[in-house]
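Here is the structure we will look at.
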Amino acid sequence: MTSRQRYRARIDEDLASVYKNLSVAYIKALNYQVSLWEYAERERERPRTQEEIEFIEEKTNGEQPVYEHWSEQFGLDLMTPYVEQEVENKSYFMYNLLLVWIWSITEAKLNDVAENFVLADPSVLTGPKFKNIKLGVDHFVGGRRKSDAYRMIFAEYKREAAPESKVGIGRFESMFDALGLKGGVPKEVRALFLEMSEVRHNMVHRMGVIDQKMAERIPRLTTKIGGTIAVQREFILSSMHAVKFYILEIDIRIRNHFGEPIPESAAKLHGSYAPRPHIKHDETDKAGPLGPSQIRTN
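Each residue of the sequence shown is one higher than the last, beginning at 1 in full-length UniProt numbering.
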């Protein structure tokens, strides 16, 4: 197996890994959802035992509960109302975590795809985006492998261009554009990537609290500044749908670059994810009207 074949195979593994992780993540979320329903149903219908009644009376004395251990407080005071609220609002906490998971996996694997693409075809580093990259001679001497040098050049480009500072799908499109893998992305997919990135950022850095910047970038998802985001199942499905489309899009671009045939099934599936005409990838990211809000704000 040649070096190109080896790294080309890794690209396919990275792309397939996103699909696999999306499936695993969603199954975990469904299991969590079912567990909440079952818990709520049991607590709603189950009569209290005499032992439980006596325990509650003994602990409360008709006043505020007195707990022997903090776990009793969380177990008695928080679990049942938490489950009831989650079930009633259909805004399951696991979906918040799942959105962060989806974005993190997508970001990590697309960066791996880009790096392996460079290693499979180092000639892309002669493109205009890399002409001003400056690295010391020590990066290329002392027994270093060529692949290490290629990685360093690409890493230096990312450090200078800072694609991660761009919003939404722009962070990926700018990177693939530099590698000669320029293409178009439907408006709906661009909007969902923008929403995913903004929601993920707020979840990780602001505990899901809506701020002014998010309200301006994604007006359809924000009812009020200071409210709390709670991702719902419909938004997860839409996000997974968008990620699957984009993975297919990148796969097709790479196949075209290497002159490889595009499987009919992949082309057909890719087309089904793109109901509207493509727009140029460098147009300003803006969340469009995608229908009723799929994120609850409290």
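From the three backbone atoms N, C-alpha and C, an ideal C-beta is built for every residue, glycine too. Predicted model only: the values in this text are computed from it and were never measured.
Exposure of residue i, with buried meaning 16 or more beta-carbon neighbours within 10 Å
i: PRO275; result: Caution is warranted here: a pLDDT of 40 is assigned to PRO275, below 50, making its placement in the model unreliable, and no coordinate value can be reported.
i: PHE245; result: buried
i: ILE210; result: buried
i: LYS146; result: exposed
i: GLU173; result: buried
i: THR126; result: exposed
i: ARG6; result: exposed
i: GLU115; result: buried
i: ASN202; result: buried
i: ASN256; result: exposed
i: GLU68; result: Reliability of the predicted coordinates at GLU68 is poor, the pLDDT of 47 falling under 50, and the value obtained from them is presented with this limitation in mind. Result: exposed.
Beta carbon of residue i nearer than 8 Å to that of residue j
i: ARG4; j: ALA120; result: yes
i: MET240; j: ILE27; result: no
i: ILE250; j: LEU30; result: no
i: LYS109; j: VAL24; result: no
i: VAL189; j: ALA149; result: no
i: ILE254; j: HIS270; result: no
i: ILE218; j: GLU234; result: no
i: VAL100; j: VAL204; result: yes
i: ILE247; j: LEU98; result: no
i: GLY183; j: ASN96; result: no
CA-to-CA distance, residue j to residue i, given in whole angstroms
i: ARG10; j: ALA266; result: 19 Å
i: SER238; j: ARG206; result: 23 Å
i: SER104; j: ILE229; result: 18 Å
i: SER197; j: ILE262; result: 30 Å
i: PRO292; j: ALA215; result: Confidence in PRO292 is poor, its pLDDT being 38 and thus under 50, which makes the residue's placement unreliable; the coordinate value appears in the next sentence. The alpha-carbon atoms of PRO292 and ALA215 are separated by roughly 16 Å.
i: ARG8; j: PHE258; result: 10 Å
i: ASP231; j: THR2; result: Per the sequence shown, the amino acid found at residue 231 is Val instead of Asp. Taking the straight line joining both Cα atoms gives about 45 Å.
i: ILE225; j: GLN212; result: 6 Å
i: residue 300; j: GLU160; result: Coverage of the chain is limited to positions 1 through 298, which leaves residue 300 absent and any answer about it impossible.
i: MET94; j: TYR157; result: 36 Å
i: PHE130; j: PHE176; result: 13 Å
i: LYS134; j: ARG151; result: 14 Å
i: THR297; j: ILE153; result: Only weak support exists for where THR297 lies, its pLDDT of 46 falling under 50; the value from the coordinates is given anyway. For THR297 and ILE153, the distance between alpha carbons rounds to 44 Å.
i: VAL118; j: VAL199; result: 31 Å
i: VAL185; j: ASN132; result: 28 Å
i: PRO122; j: GLU264; result: 29 Å
i: ILE169; j: ASN21; result: 19 Å
Beta-ladder partner(s) of residue i, from DSSP
i: VAL199; result: Beta-bridge pairing links VAL199 to no other residue.
i: VAL209; result: THR228
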